[in-house]
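Only one structure is covered here, and it is reproduced in the block below.
Protein chains: 2
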Amino acid sequence: MAPKTNLQLIQECDNFPYYEDDSEFYERHMSNYHTFKVNGCNAVLGYIPNSIVEKFHWIENDWKVDSTARTVTLMAAPDAEPAVRNEIMTRLIAEAVRRETFEVLKGWRNEMYPIYAPGGKFLMEIERCASPLFGIITYGVHMTGYVEDEKEGMKLWVARRSKTKQTYPNMLDNTAAGGMSTGEHPYACAIREAAEEASIPAAVFEERARPVGVLTYFYVRDARAGGETGLLQPEIEYVYDIKLDASHTVKPCDSEVEDFRLWTVDEVRQSLKEGEWKPNCAVVILDFLIRHGILTPENEPDYLEIMARIHRRLPFPTVKFLK
Amino acid sequence: MAPKTNLQLIQECDNFPYYEDDSEFYERHMSNYHTFKVNGCNAVLGYIPNSIVEKFHWIENDWKVDSTARTVTLMAAPDAEPAVRNEIMTRLIAEAVRRETFEVLKGWRNEMYPIYAPGGKFLMEIERCASPLFGIITYGVHMTGYVEDEKEGMKLWVARRSKTKQTYPNMLDNTAAGGMSTGEHPYACAIREAAEEASIPAAVFEERARPVGVLTYFYVRDARAGGETGLLQPEIEYVYDIKLDASHTVKPCDSEVEDFRLWTVDEVRQSLKEGEWKPNCAVVILDFLIRHGILTPENEPDYLEIMARIHRRLPFPTVKFLK
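And the structure:
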């Protein structure tokens with residue numbers, strides 16, 4: 001296999017078309033989707049492939065499907081509480097599970113993901129594995145543990161995913177990462193995942209980790225993600241750097257990680273070229289290498305395109321953590 | 001004056017509309033512009049306001065203006081050398097200077113800015129002050145000198161612009177910054193500006209500065225930029241952090257800077273709220289505060305919108321520094 005360029009790694013995660021690249025193609029492409037809305041809120045919350053719209057058993061009164069405007073609207077009263085919308089969604093998904101309509105619903109997580117209105121108002125939630133059916137934004141945290149070695153320079157703590165993981169088994173992963181469920185805040189999620197996945201104690205995280213930005217991309221799911229292909233997964237990943245002591249050893253805690261290795265930047269870059277990384281973890285590493293001055297405008301010909309693509313402005317409302 | 005939010009500061013720099021916010025408004029808005037092209041290259045290189053197209057004296061054979069398709073095309077042969085395109089552009093601009101057609105041309109810089117084709121091929125160049133008439137991408141570098149003070153925490157070297165500067169007199173500015181002319185690379189430009197504007201010796205820069213990313217935004221010029229308003233200035237700013245010793249004093253070198261002060265993060269944040277910063281320098285500071293974990297997802301409600309807006313994917317081809 002030819003070595004992958006860094007831009008190719010980005011393109012594996014950010015592969016939904018851009019209007020500005022070819023507006024006619026984009027508009028034609030958009031006719032493959034229904035927009036997902038809730039009654040009383042003008043914003044589009046996600047895109048649902050037409051093929052998925054056809055397979056759901058939409059319950060009248062609960063849902064309004066307009067195949068001309070290509071919209072699917074959840075019909076709770078405009079001023080309904082989130083719980084009312086949740087019930088309608090749960091009813092729909094439960095029926096799809098019963099009928100075994102969708103592959104992705106076989107990966108039930110029992111974890112709820114939030115959906116927000118403009119201004120960051122919490123609208124409702126949806127079971128994690130059902131979220132790509134509606135193409136809503138999902139939120140997560142990723143963190144990179146690293147060491148400044150006096151002799152060998154910077155080294156990164158790299159995880160190898162367990163061989164038995166449902167998705168991307170045996171691929172390389174960030175030091176720790178995880179999805180944010182309803183109500184969770186990025187920092188709290190990061191501190192939990194650091195402990196659960198990489199045995200990093202909360203006190204170490206609090207002293208040594210810092211938030212360094214957020215990465216966003218618009219992912220069209222392929223076979224490696226499992227389940228139906230072509231589902232949309234616009235993602236927001238809050239990113240943390242953890243500068244660890246050379247004496248600190250990162251070790252697995254739960255069964256999700258096979259092992260950890262402390263790699264030089266050259267070893268990391270070689271493994272990226274060889275396509276060994278889970279796609280969205282490669283994005284996190286590339287951002288790390290850019291922020292730490294290892295990838296530069298002069299040594300990475302696609303520097304500009306990479307930076308814009310991993311900070312994509314998504315076309316849906318997003319969370320606001322209010323002060 | 002009400003204190004400015006960080007998002008408001010970003011909006012002052014990134015104020016060209018987004019297709020995804022309101023596609024009908026966007027398309028109506030685009031009818032105010034002609035696209036700028038060169039013969040033989042399919043890409044759009046910039047947007048020219050219709051009011052500017054009307055005022056230029058387009059020379060037949062040199063230029064093709066199509067008011068139905070709303071395109072202005074520079075008609076050198078498709079395989080022409082850049083010098084041929086440059087001559088055509090120079091002829092047009094010289095005539096506009098002679099007739100005093102445009103205010104912006106009174107700020108002649110005698111500095112050439114490059115224009116690239118897709119793939120990063122150098123197409124031609126244009127006098128710096130004329131570039132907003134064509135709405136082409138311009139490139140620059142910005143850097144932030146900072147100190148880790150044991151008692152007071154992080155402090156930033158902030159410049160006050162000279163009272164006599166043509167643009168944004170007396171406003172706050174980054175430690176050093178400057179535009180990249182044809183042929184210049186970011187690192188070389190940064191090292192030059194650090195010496196010229198902040199008396200930072202090349203050896204100090206080489207030891208202590210690192211490239212940390214690139215900021216991009218689409219600026220619609222207002223009165224503060226000088227000259228015609230409504231001209232477009234999509235910008236790309238390569239960003240550097242310079243971690244200085246507490247003993248190092250940053251001092252002005254040329255006449256562009258009034259003085260430097262070493263400010264705490266709180267002092268910097270207060271001055272941002274008070275609107276004291278040149279708009280695109282505020283963007284650089286906000287990115288710095290995010291990368292250094294001072295602005296966080298939890299304390300900045302517009303974290304996501306800010307990060308996407310300052311890494312905007314511009315709709316024109318960009319430079320590639322080839323390895």
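Chains as they are written, first to last, in full-length UniProt numbering: chain A, 1 to 323; chain B, 1 to 323. Just so it is clear, CB atoms sit at the ideal spot from N, CA and C, and this is done for glycine as well. In this text, all values refer to a predicted model and were calculated from it rather than measured experimentally.
- Query: When you compare only the Cα positions, how much space is there between B:GLY178 and B:GLU228?
  - Reply: 22 Å
- Query: Listing by chain order, which chain B residues have their CB less than 8 Å from the CB of A:TYR18?
  - Reply: ARG313
- Item | Residues that A:HIS185 contacts on chain B, provided the C-beta gap is smaller than 9 Å | PRO297 and GLU298
- C-beta atoms of B:PRO297 and A:PHE321 nearer than 8 Å: yes
- Residue interval of the beta strand (DSSP E) (run including B:ILE126): In this chain, the beta strand (DSSP E) harbouring B:ILE126 covers 122-127.
- Sequence-distant residues of its chain with Cβ nearer than 6 Å to B:ARG309 (five each side left out): ILE10 and ASP14
- Which residue's Cα is closest to the Cα of B:HIS97: B:MET75, B:PRO78 and B:LEU133? The sequence given here has Val at residue 97 of chain B, not His. For B:VAL97, the nearest C-alpha among the options comes from B:LEU133.
- Spatial neighbours of A:ASP149 in its chain, beta-carbon cut-off 7 Å, leaving aside the 5 residues before and after: LYS155 and ALA246
- Query: Quick one: what's got a C-beta closer than 6 Å to A:MET89's C-beta in the same chain, skipping five residues either side?
  - Reply: ILE126
- Query: In chain A, which residues lie with their C-beta within 8 Å of the C-beta of B:THR318?
  - Reply: LEU304 and GLU305
- Sequence-distant residues of the same chain with beta carbon closer than 6 Å to B:ILE200, five excluded per side: Excluding positions up to five away in sequence, the list reads ALA194.
- Separation of B:LYS163 from B:ARG221, as counted between CA atoms: 21 Å
- So which of A:ARG291, A:LEU232, A:ARG192 and A:TYR240 has the shortest CA-CA distance to B:PRO211? A:ARG291
- Query: In the DSSP assignment, what residue or residues form a beta bridge with A:ARG210?
  - Reply: Its beta-bridge partners are A:ASP241.
- Identify whether A:THR35 lies in helix, strand or coil by the three-state DSSP scheme. strand
- Taking 8 Å as the CB-CB cut-off, is A:VAL212 touching chain B? yes
- Message: Less than 8 Å between CB atoms is the rule here; does A:GLY227 satisfy it with respect to chain B?
- Response: no
- Task: For A:GLU207, count neighbouring Cβ atoms within 10 angstroms of its own Cβ and tell me buried if that reaches 16, exposed if not.
- Result: exposed
- Neighbour flag for A:ILE136 against chain B, beta carbons, 8 Å: Put simply, the CB of A:ILE136 is far from chain B, with every gap to its CB atoms at 8 Å or more.
- Of the choices A:GLU81, A:TYR238 and A:PHE36, whose alpha-carbon is the least far from that of A:LEU215? Nearest C-alpha to A:LEU215: A:TYR238.
- Query: Between B:SER181 and B:GLU111, is the Cβ-Cβ spacing less than 8 Å?
  - Reply: Yes, these two residues count as a Cβ contact at 8 Å.
- For A:GLY293, does the three-state DSSP call read helix, strand or coil? coil
- Message: Give me the chain C residues within the contact set of A:TYR238, using Cβ-Cβ distance strictly less than 8 Å, ordered along the chain.
- Response: Chain labels in this structure do not include chain C; the protein chains are A and B.
- Item | Min CB distance A:PRO118 to chain B below 8 Å | No, because no Cβ of chain B sits closer than 8 Å to the Cβ of A:PRO118.
- Message: With distance defined between alpha-carbon atoms, name the residue in B:THR264, B:LEU232, B:GLU300 and B:LEU286 nearest to B:HIS311.
- Response: B:LEU286
- Unbroken stretches of the alpha helix (DSSP H), 4 residues or longer, contained in the stretch 66-99 of chain A: 82-98
- Task: With DSSP collapsed to three states, give me the class of A:GLU148.
- Result: strand
- In chain order, what residues of the same chain lie with their CB nearer than 8 Å to the CB of A:VAL265, ignoring the 5 residues before and after it? GLY153, MET154, LYS155, LEU156, LEU289 and ILE294
- Query: Taking Cβ positions, are A:ARG109 and A:ARG128 nearer each other than 8 Å?
  - Reply: yes
- Leaving out five residues on either side along the sequence, give the residues of the same chain with a beta carbon under 7 Å from the beta carbon of A:VAL284. HIS142, THR144, ASN174, LEU215, GLU237 and VAL239
- Task: Would you kindly check if the distance between the Cβ of A:ALA190 and the Cβ of residue 342 of chain A is under 8 Å?
- Result: Absent from the structure is residue 342 of chain A, since the part of chain A shown begins at 1 and ends at 323.
- Query: Just checking my contact of A:LEU45 with A:PRO82 at CB under 8 Å: how many whole Å lie between their CB atoms?
  - Reply: Contact doesn't hold; Cβ gap of about 13 Å is too wide.
- Message: So, at 8 Å on beta carbons, what are the nonlocal neighbours of A:CYS253 in its own chain, with the 5 sequence-adjacent residues on each side left out?
- Response: ALA195, GLU196, GLU197, ALA198 and SER199
- Query: Can you tell me the Cα-Cα spacing of A:GLU258 and A:THR138, whole angstroms?
  - Reply: 26 Å
- Task: Note down, in chain order, each residue of its chain lying with its Cβ closer than 6 Å to the Cβ of A:VAL147, except the 5 sequence neighbours on either side.
- Result: LYS155, LEU244 and ALA246
- Residue range of the beta strand (DSSP E) that includes A:ASP259: The continuous beta strand (DSSP E) containing A:ASP259 extends over residues 257-264.
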